[in-house]
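Undergrad:
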Ligand SMILES: [Zn+2]
Ligand SMILES: [Zn+2]
């Protein structure tokens, strides 16, 4: 049976309200309830916390060991039922770090686990915050009859301008120090290394930028990587694909990227998932939902649209970049820009930044971008045909993207957000924009933490189906 791991994620601004309320100046414990929505990956269930239902006067007693009154619990149940959401019970402890549970904690959660599961069809999520703001979390799984068993989550992720992951050290052990990490650790410190190395990192698109991002992460000691791409290697890829040679022609890009990652990894153990599907297809979609952070290395409108949805609705930050080469009428090179940004709650979204538009998403969904006769009819300088690129453009963009991940996940040097960075070949500088916000009427903030509750973007991908057909034909010939 597939091992399903568990995690919890919440937007930064919710974490701020919760810690302000639960971590009391008088050092007493306190409690509250919240609502959550499931985010179901291939091998992980994440509880996305999106709504807090704070106790009102008379809802609970604070007396060292806080307890709630039945009326409060009933009110929470009624709201959860009306909204179709799961229930989380959150309380605070006076100690620091990942918190265990007292006998009283276990009794209190076990007592309501059955009612919550029966009512919402989702397990009760229990969470504890320590005095230093570290969260711990568990889910109460039904094991038969009236029995519920506590299962610990691997991590609790706070997502926004930063990405803070609190790990359960028993389920996600800290990587043991190796000489290979010495120089990296000197730069950003042991704690940052241990946190970075435990993140599950997705790379969508293993073309030039994706293959270089993968190499960089392997050298940095990352352990958990998910590679998603349906494409195979063709001769015109070989001038930009790190690790690939002529002997790899016809192989899947993820296959070569996996081999290269294992080859360059400095981590003692690696866990690499590779998915030969499109992000839009169920297999790719669910593989991406297993990740804590995703690199968007595919220059397609539909993938950006889905990743934008993941960044807010599923609370998975996305580091996105794109390269735009320009030519004059005579096909002479006149310049190139590459732009990158990290999208997550509290940051402007990919749609508002104009990195894709819905007309193009629909065009791609209809299969037009993979239809040679349609593409042939477009003018030669059309944006759907603009895919010129060379290795040094990709290496620079890939490096800047990984630096955005480091800032996001560590805040080392006191910076978590570089804003939107745009390298301009002419005159040769990087412009930074930290002022941009989502446009009026953008609903991404409202969708934060709601998962696929309102809509799912998963379906067929004609481009991926054509690629697999092409690969099958090639295998037959060989
Ligand atoms: Zn407790
Ligand atoms: Zn927006």
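Numbering (our numbering), first residue to last: 688 to 1165. We put the beta carbon where it would ideally sit given N, CA and C, even for glycine. As the structure is a computational prediction, the values presented were derived from the model and not from experiment.
(1) Should residue 729 be flagged as near chain C, meaning a C-beta pair shorter than 8 Å?
(2) Quick one, which of 797, 1114, 802 and 779 has its alpha-carbon nearest residue 761's?
(3) What whole-angstrom Cβ distance do residue 913 and residue 974 have, given they're in contact under 8 Å?
(4) Hey, would you say the C-beta of residue 984 is under 7 Å away from at least one heavy atom of ligand 2?
(5) At what residues does the alpha helix (DSSP H) containing residue 875 begin and finish?
(6) Taking 7 Å as the line, does the beta carbon of residue 706 fall inside it for any heavy atom of ligand 1?
(7) Between residue 738 and residue 721, which are expected to be in contact by the criterion C-beta below 8 Å, what is the C-beta distance as a whole number of angstroms?
(8) Would residue 986 and residue 1003 qualify as a contact pair, given that the criterion is a beta-carbon distance under 8 Å?
(9) Residue range of the beta strand (DSSP E) that residue 851 falls in?
(10) Less than 7 Å between the CB of residue 764 and some heavy atom of ligand 2, yes or no?
(11) Using DSSP bridges, identify the partner residues of residue 721.
(12) Could you give the residue range of the beta strand (DSSP E) that holds residue 1007?
(13) Enumerate in chain order the residues of its own chain whose CB-to-CB distance from residue 1170 is below 7 Å, with the five nearest sequence positions on each side excluded.
(14) If you measure from each residue's Cβ to the nearest non-hydrogen atom of ligand 2, which ones come out under 5 Å, in chain order?
(15) For ligand 1, any of its heavy atoms closer than 7 Å to the Cβ of residue 717?
(16) Can you name, in chain order, every residue of its own chain whose Cβ lies under 7 Å from the Cβ of residue 759, other than the five neighbours on each side?
(17) Could you tell me the distance, in whole angstroms, from the CA atom of residue 706 to the CA atom of residue 819?
(18) Checking the sheet assignment: what are the DSSP bridge partners for residue 829?
(19) Could you pull the DSSP bridge partners for residue 734 from this structure?
(20) For residue 702, count neighbouring Cβ atoms within 10 angstroms of its own Cβ and tell me buried if that reaches 16, exposed if not.
(21) Report whether the distance from the Cβ of residue 1137 to the nearest heavy atom of ligand 1 is below 7 Å.
(22) Output the distance between the C-alpha atoms of residue 1036 and residue 995, rounded to the nearest integer angstrom.
(23) Under DSSP, the alpha helix (DSSP H) around residue 1170 begins and ends at which residues?
(24) Verify whether the separation of the beta carbon atoms of residue 735 and residue 775 is less than 8 Å.
(25) Give, in chain order, every unbroken run of the beta strand (DSSP E) that is at least 3 residues long and sits entirely within the region 1106 to 1132.
(26) Determine the burial state of residue 1091: buried for a count of at least 16 other Cβ atoms within 10 Å of its Cβ, exposed for fewer.
(27) On the premise that residue 897 lies in contact with residue 982, defined as a C-beta separation below 8 Å, what is that separation, rounded to the nearest angstrom?
(28) Could you have a look at residue 932 and say whether DSSP puts it in helix, strand or coil?
(29) Does the Cβ-Cβ distance between residue 1096 and residue 850 come in under 8 Å?
(30) Between residue 1021 and the rest of its own chain, which residues show a CB-CB distance below 7 Å, the 5 nearest in sequence each way excluded?
(31) Quick check on DSSP: helix, strand or coil for residue 715?
TA: Looking at the coordinates:
(1) Absent here is chain C; the protein component of the structure consists of one chain.
(2) Here the question's residue 761 lines up with position 74 in the chain shown. Of the listed residues, the one whose Cα sits closest to residue 761 is 802.
(3) Your numbering for residue 913 matches position 226 in the chain shown. Your numbering for residue 974 matches position 287 in the chain shown. The Cβ separation is near 5 Å, so the contact holds.
(4) Indexing the chain shown from 1 puts residue 984 at position 297. Checking every heavy atom of ligand 2 against the Cβ of residue 984, none is found closer than 7 Å.
(5) Position 188 of the chain shown, counted from the first residue, corresponds to residue 875. 869 to 875 is the extent of the alpha helix (DSSP H) around residue 875.
(6) Position 19 of the chain shown, counting from 1, holds the residue named residue 706. Every heavy atom of ligand 1 is 7 Å or more from the Cβ of residue 706, so no.
(7) Counted from its first residue, the chain shown places residue 738 at position 51. Counted from its first residue, the chain shown places residue 721 at position 34. Yes, they are in contact, since the Cβ atoms of residue 738 and residue 721 sit about 6 Å apart, within 8 Å.
(8) In the chain shown, residue 986 corresponds to position 299, counting from 1. In the chain shown, residue 1003 corresponds to position 316, counting from 1. Their beta carbons are not under 8 Å apart, which means residue 986 does not touch residue 1003 by this criterion.
(9) Residue numbering aside, residue 851 sits at position 164 when the chain shown is read from its first letter. Element bounds for residue 851: 850 to 854.
(10) Indexing the chain shown from 1 puts residue 764 at position 77. Every heavy atom of ligand 2 is 7 Å or more from the Cβ of residue 764, so no.
(11) Your numbering for residue 721 matches position 34 in the chain shown. According to DSSP, residue 721 bridges with 739 and 775.
(12) The residue you call residue 1007 lines up with position 320 of the chain shown. Residues 1005 to 1014.
(13) Lying outside 688 to 1165, the shown extent of the chain, residue 1170 is not represented and no answer is given.
(14) 1036, 1039, 1125, 1129 and 1131
(15) What you label residue 717 is simply residue 30 of the chain shown in a count that begins at 1. No; taking the cut-off as 7 Å, the Cβ of residue 717 has no heavy atom of ligand 1 nearer than that.
(16) Here residue 759 is taken as the residue at index 72 of the chain shown, counted from 1. Excluding sequence neighbours, residue 759 sits near 742, 746 and 747.
(17) Within the chain shown, numbered from 1, the residue matching residue 706 stands at position 19. Within the chain shown, numbered from 1, the residue matching residue 819 stands at position 132. So the alpha carbons of these two residues sit roughly 9 Å apart.
(18) Working through the chain shown from its first residue, we reach residue 829 at position 142. Answer is 835, bridged to residue 829.
(19) Indexing the chain shown from 1 puts residue 734 at position 47. Partner(s): 695 and 725.
(20) Within the chain shown, numbered from 1, the residue matching residue 702 stands at position 15. Buried: at least 16 other Cβ atoms inside 10 Å.
(21) For the purposes of this step, residue 1137 is identified with residue 450 of the chain shown, where counting begins at 1. False, no ligand heavy atom lies under 7 Å from that Cβ.
(22) Here the question's residue 1036 lines up with position 349 in the chain shown. Here the question's residue 995 lines up with position 308 in the chain shown. Their backbone Cα atoms lie some 7 Å apart in a straight line.
(23) Any question about residue 1170 goes unanswered here, given that the chain covers just 688 to 1165.
(24) For the purposes of this step, residue 735 is taken as the residue at position 48 of the chain shown. For the purposes of this step, residue 775 is taken as the residue at position 88 of the chain shown. In this structure, residue 775 does not lie closer than 8 Å to residue 735 by Cβ.
(25) 1107 to 1111 and 1116 to 1120
(26) Start at 1 with the first residue of the chain shown, and residue 1091 comes out as number 404. Per the 10 Å Cβ criterion, buried.
(27) Position 295 of the chain shown, counting from 1, holds the residue named residue 982. Position 210 of the chain shown, counting from 1, holds the residue named residue 897. The Cβ separation is near 7 Å, so the contact holds.
(28) Here residue 932 refers to the residue found at position 245 when the chain shown is read from its first residue. Coil, per DSSP.
(29) Here residue 1096 corresponds to residue number 409 of the chain shown, with the count starting at 1. Here residue 850 corresponds to residue number 163 of the chain shown, with the count starting at 1. Taking 8 Å as the Cβ cut-off, residue 1096 and residue 850 qualify as a contacting pair.
(30) As a first step, residue 1021 is located in the chain shown; it is residue number 334 there, counting from the start. Once the five neighbours on either side are set aside, the close Cβ partners of residue 1021 are 1013, 1014 and 1015.
(31) In the chain shown, the residue the question calls residue 715 occupies position 28. DSSP places residue 715 in coil when its eight states are reduced to three.
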